[in-house]
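Asker: Under mature numbering (1 follows the signal peptide of the UniProt record, and there is no 0), the residues of the sequence shown are numbered -19 to -1, 1 to 184, in order. Quick reminder that beta carbons are idealized off the backbone N, C-alpha and C, glycines included.
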Amino acid sequence: MKKVFLGVLFILSITDSFAQNNSELEELINWMTGSFTSEEQSKNDSDYYNISLEMHRIWKENNSGYWLYVEQAVASTKDKPYRQRIYHLFEEDGVIKSVIYSLPDEKKFTVGWKDISVFDNLSPEQLETRKGCEVIIERKDENTFIGSTVEKNCTSILRGATYATTEVIITKDTMISWDRGFNDKDEQVWGATKGGYIFKKIN
């Protein structure tokens, strides 16, 4: 009887842990989804541009986690994004992973956040994984999630870089994202130098 009771406690513990992690993932997705802007930061510091960041759920019927279409553009030219990605977020080994994908023929999906039906004919199998660039996210406290790429795993050849790093801080209404590229001497060759872009949620 004692063994059975301990077995039940173990199962309940696993179930509670899964439910907690799943709840945290749902909360994170709610915080990450929407329209963001770095306008306030750009007004206070001329080293930062006014950037528009759109993050919206796609493939909601897919039960392998959450899929977000992500688009970044200079606010004055929102119809000409400089970055288009798909993020796949799921819980694994007690942490949340955000796997980053590139899209085929990106122009077809420009401003796709306005009408996510443009992704109906696209499948995860058609995406290209940005290997080593996944972001590992953990809860810091009740009001904050933090995340980063792992060591030098995310390769980059932009402006003489050999690898790139990403650090994020996510709260209910703010996302701080710091992307940087480094050469083989660990010298920064692109990205903000003072700190991450501060995106305020506007919708």
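I need the DSSP call for I179, collapsed to helix, strand or coil.
Answerer: Reduced to three states, the DSSP call for I179 is strand.
Asker: Assign Q169 to one of two classes, buried (16 or more other C-beta atoms within 10 Å of its C-beta) or exposed (fewer than that).
Answerer: By the 10 Å Cβ count, Q169 comes out exposed.
Asker: Let me know the beta strand (DSSP E) ranges lying completely inside the segment 78 to 155, each 3 residues or longer, listed in chain order.
Answerer: Here the runs fully enclosed are 116 to 122, 125 to 129 and 144 to 151.
Asker: Rounded C-beta distance between E115 and I81? I'm assuming under 8 Å.
Answerer: Indeed they touch by this definition, with Cβ atoms about 6 Å apart.
Asker: Alpha carbon to alpha carbon, what distance is there between N44 and residue 195?
Answerer: The chain is shown from -19 up to 184; residue 195 falls before or after that span and cannot be answered.
Asker: Can you tell me whether W12 is helix, strand or coil according to DSSP?
Answerer: In the structure shown, W12 sits in a helix (DSSP, three-state: H, G or I).
Asker: Using the C-alpha atoms, what's the distance from E132 back to A142?
Answerer: About 15 Å.
Asker: Would you tell me roughly how many angstroms separate the C-alpha atoms of I150 and S83, rounded to the nearest one?
Answerer: The straight-line gap from Cα to Cα measures roughly 23 Å.
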